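If you're matching positions, the sequence shown starts at 33 in my numbering and goes up one per residue.
No residue lacks a Cβ here, since even glycine has one placed at the ideal position from N, Cα and C.
Values in this document were obtained by computation on a predicted structure and should not be read as measured data.
Scroll down for the structure; my scribbles are underneath it.
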Amino acid sequence: MGRRLQTETEFTNKVAKLREQFQGTWESAREIYILRIKPEAFSDDSAKAKRTFPSHNFPPLTENPLGFVYVGLTGLTAEKRFEVHRDKLPKASKIAKSGFMLDGTYQEVGKDLTDKFGFKQVGWRDYKPEKLESWVAWNFYKMGYWVWGSHHHDDEDFLGTKPFD
33 MGRRLQTETE
43 FTNKVAKLRE
53 QFQGTWESAR
63 EIYILRIKPE
73 AFSDDSAKAK
83 RTFPSHNFPP
93 LTENPLGFVY
103 VGLTGLTAEK
113 RFEVHRDKLP
123 KASKIAKSGF
133 MLDGTYQEVG
143 KDLTDKFGFK
153 QVGWRDYKPE
163 KLESWVAWNF
173 YKMGYWVWGS
183 HHHDDEDFLG
193 TKPFD
(Lines of atoms letter the chains of each structure in order from A; the text may use other names.)
(Lines give C-alpha, C1' and ligand atoms only; values in the text may rest on other atoms or scores of the structure.)
Protein backbone atom coordinates (compact mmCIF):
# COMPACT_ATOMS: atom_id res chain seq x y z
CA MET A 33 0.00 0.00 0.00
CA GLY A 34 1.62 3.21 -1.10
CA ARG A 35 -0.46 4.77 -3.84
CA ARG A 36 -1.43 8.37 -4.16
CA LEU A 37 -4.38 9.46 -6.26
CA GLN A 38 -2.95 12.80 -7.34
CA THR A 39 0.12 14.99 -7.18
CA GLU A 40 0.53 18.36 -5.50
CA THR A 41 0.76 19.97 -8.95
CA GLU A 42 -2.58 18.49 -9.99
CA PHE A 43 -4.17 19.77 -6.76
CA THR A 44 -2.63 23.23 -7.24
CA ASN A 45 -4.12 23.43 -10.75
CA LYS A 46 -7.57 22.42 -9.44
CA VAL A 47 -7.37 25.03 -6.66
CA ALA A 48 -6.62 27.75 -9.22
CA LYS A 49 -9.72 26.84 -11.26
CA LEU A 50 -12.03 26.76 -8.25
CA ARG A 51 -10.62 30.02 -6.89
CA GLU A 52 -11.72 31.69 -10.13
CA GLN A 53 -15.19 30.24 -9.71
CA PHE A 54 -15.80 30.77 -5.98
CA GLN A 55 -13.60 33.54 -4.56
CA GLY A 56 -14.20 37.26 -4.50
CA THR A 57 -17.68 37.60 -3.04
CA TRP A 58 -18.61 39.91 -0.21
CA GLU A 59 -21.75 38.04 0.87
CA SER A 60 -20.72 37.19 4.44
CA ALA A 61 -17.57 35.62 3.06
CA ARG A 62 -15.72 32.66 4.58
CA GLU A 63 -12.13 31.40 4.38
CA ILE A 64 -10.85 27.85 4.06
CA TYR A 65 -7.49 27.35 5.77
CA ILE A 66 -5.03 24.52 6.40
CA LEU A 67 -2.95 23.92 9.54
CA ARG A 68 -0.32 21.27 10.21
CA ILE A 69 -0.94 18.54 12.79
CA LYS A 70 1.83 16.90 14.81
CA PRO A 71 3.09 13.53 13.49
CA GLU A 72 2.27 12.02 16.91
CA ALA A 73 -1.37 11.98 15.77
CA PHE A 74 -0.40 9.04 13.54
CA SER A 75 0.01 6.72 16.52
CA ASP A 76 -2.62 8.11 18.90
CA ASP A 77 -5.96 6.28 18.98
CA SER A 78 -7.93 9.32 20.16
CA ALA A 79 -6.49 11.42 17.32
CA LYS A 80 -7.28 8.70 14.79
CA ALA A 81 -10.89 8.63 16.01
CA LYS A 82 -11.24 12.35 15.19
CA ARG A 83 -9.74 11.99 11.71
CA THR A 84 -11.79 12.82 8.60
CA PHE A 85 -9.58 11.11 5.98
CA PRO A 86 -8.88 8.23 5.78
CA SER A 87 -12.14 6.96 7.25
CA HIS A 88 -14.70 4.18 6.85
CA ASN A 89 -15.71 5.46 3.39
CA PHE A 90 -12.20 6.50 2.36
CA PRO A 91 -9.62 3.75 2.99
CA PRO A 92 -5.96 4.46 3.78
CA LEU A 93 -3.92 5.01 0.63
CA THR A 94 -0.51 4.53 2.20
CA GLU A 95 1.07 3.14 5.35
CA ASN A 96 3.28 6.23 5.60
CA PRO A 97 1.24 9.42 5.24
CA LEU A 98 2.87 12.36 3.49
CA GLY A 99 1.78 14.61 6.36
CA PHE A 100 -1.00 15.54 8.75
CA VAL A 101 -3.29 18.55 8.33
CA TYR A 102 -6.43 20.15 9.67
CA VAL A 103 -8.69 21.83 7.10
CA GLY A 104 -11.04 24.43 8.52
CA LEU A 105 -13.63 27.02 7.60
CA THR A 106 -13.97 30.42 9.26
CA GLY A 107 -15.60 33.81 9.11
CA LEU A 108 -12.41 35.20 10.68
CA THR A 109 -9.08 35.55 8.93
CA ALA A 110 -7.12 32.30 8.79
CA GLU A 111 -4.52 33.77 11.14
CA LYS A 112 -7.14 34.79 13.73
CA ARG A 113 -8.72 31.33 13.54
CA PHE A 114 -5.29 29.76 14.03
CA GLU A 115 -5.00 31.73 17.29
CA VAL A 116 -8.29 30.20 18.50
CA HIS A 117 -6.89 26.70 17.86
CA ARG A 118 -3.46 27.51 19.30
CA ASP A 119 -4.93 28.93 22.49
CA LYS A 120 -7.39 26.02 22.75
CA LEU A 121 -10.29 28.40 23.18
CA PRO A 122 -13.80 26.93 23.44
CA LYS A 123 -14.34 27.07 19.66
CA ALA A 124 -11.02 25.35 18.85
CA SER A 125 -11.15 22.07 16.93
CA LYS A 126 -11.12 18.78 18.82
CA ILE A 127 -7.72 17.87 17.41
CA ALA A 128 -6.27 21.22 18.55
CA LYS A 129 -7.84 20.89 22.01
CA SER A 130 -6.21 17.45 22.22
CA GLY A 131 -2.80 19.10 21.77
CA PHE A 132 -2.02 17.76 18.31
CA MET A 133 -1.79 21.02 16.38
CA LEU A 134 1.81 21.71 15.44
CA ASP A 135 3.52 24.19 17.75
CA GLY A 136 4.68 27.49 16.30
CA THR A 137 3.43 30.66 14.70
CA TYR A 138 0.79 30.85 11.98
CA GLN A 139 3.63 31.40 9.50
CA GLU A 140 5.15 28.06 10.57
CA VAL A 141 1.96 26.06 11.03
CA GLY A 142 -0.27 27.02 8.14
CA LYS A 143 0.38 30.19 6.16
CA ASP A 144 2.15 28.48 3.26
CA LEU A 145 -0.46 25.71 2.92
CA THR A 146 -3.34 28.17 3.26
CA ASP A 147 -1.80 30.53 0.69
CA LYS A 148 -1.29 27.66 -1.73
CA PHE A 149 -4.47 25.60 -1.22
CA GLY A 150 -6.90 27.73 0.83
CA PHE A 151 -9.72 30.02 -0.28
CA LYS A 152 -10.73 33.56 0.65
CA GLN A 153 -13.98 35.50 0.25
CA VAL A 154 -16.17 32.49 -0.53
CA GLY A 155 -19.87 33.34 -0.28
CA TRP A 156 -22.07 31.33 2.06
CA ARG A 157 -24.88 30.44 -0.35
CA ASP A 158 -25.54 26.82 -1.36
CA TYR A 159 -23.02 25.54 1.20
CA LYS A 160 -20.15 26.63 -1.06
CA PRO A 161 -17.65 27.14 1.79
CA GLU A 162 -18.53 23.83 3.45
CA LYS A 163 -18.21 22.01 0.13
CA LEU A 164 -14.86 23.65 -0.63
CA GLU A 165 -13.60 22.80 2.85
CA SER A 166 -14.46 19.10 2.33
CA TRP A 167 -13.06 19.21 -1.20
CA VAL A 168 -9.72 20.63 0.03
CA ALA A 169 -9.55 17.97 2.76
CA TRP A 170 -10.38 15.22 0.25
CA ASN A 171 -7.63 16.41 -2.08
CA PHE A 172 -5.06 16.35 0.73
CA TYR A 173 -6.21 12.78 1.41
CA LYS A 174 -5.74 11.92 -2.28
CA MET A 175 -2.16 13.24 -2.06
CA GLY A 176 -1.48 10.85 0.82
CA TYR A 177 -2.14 13.02 3.89
CA TRP A 178 -4.16 12.24 6.98
CA VAL A 179 -6.75 14.96 7.43
CA TRP A 180 -8.88 16.34 10.27
CA GLY A 181 -11.79 18.78 10.03
CA SER A 182 -14.41 19.18 7.29
CA HIS A 183 -17.48 16.98 7.40
CA HIS A 184 -19.95 18.34 4.85
CA HIS A 185 -19.23 15.38 2.55
CA ASP A 186 -20.83 13.19 5.26
CA ASP A 187 -24.11 15.10 4.82
CA GLU A 188 -24.09 15.48 1.04
CA ASP A 189 -22.55 13.23 -1.61
CA PHE A 190 -20.80 15.72 -3.90
CA LEU A 191 -17.07 14.86 -3.91
CA GLY A 192 -15.99 13.75 -7.36
CA THR A 193 -18.82 15.62 -9.12
CA LYS A 194 -18.52 18.91 -11.03
CA PRO A 195 -17.06 21.25 -10.00
CA PHE A 196 -15.72 19.25 -7.02
CA ASP A 197 -13.94 16.57 -9.04
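Asked, Found
"Might you give, ordered along the chain, the residues of its own chain that have their beta carbon closer than 8 Å to the beta carbon of residue 55, omitting 5 neighbours on each side?", "151, 152, 153 and 154"
"According to DSSP, is residue 181 helix, strand or coil?", "coil"
"Let me know if residue 163 comes out buried or exposed under the rule of 16 or more other beta-carbons within 10 Å of its beta-carbon.", "buried"
"In the DSSP output, what is residue 63 paired with across the bridge?", "106"
"Return the residue from the list 111, 147 and 115 that minimises the CA-CA distance to residue 44.", "147"
"Roughly how many angstroms lie between the CA atoms of residue 52 and residue 191, to the nearest whole one?", "19 Å"
"Measuring straight from C-alpha to C-alpha, what distance separates residue 106 and residue 95?", "31 Å"
"Any chance the stretch 79-86 sits against the stretch 172-187, with 3 or more Cβ pairs inside 8 Å?", "yes"
"Between residue 22 and residue 103, what straight-line distance do the alpha-carbon atoms span, to the nearest angstrom?", "Given that the chain is displayed from residue 33 to residue 197, the structure contains no residue 22 and the question cannot be resolved."
"By the DSSP assignment, the beta strand (DSSP E) with residue 51 in it spans what residues?", "Counting along the chain, residue 51 falls outside any beta strand (DSSP E), though it belongs to the alpha helix (DSSP H) covering 40-54."
"Quick one: Cα of residue 79 to Cα of residue 134, how far?", "13 Å"
"Using a threshold of 7 Å, state whether the C-beta atoms of residue 132 and residue 64 are closer than that.", "no"
"Provide the residue span of the beta strand (DSSP E) that contains residue 149, from first to last.", "Counting along the chain, residue 149 falls outside any beta strand (DSSP E), though it belongs to the alpha helix (DSSP H) covering 144-149."
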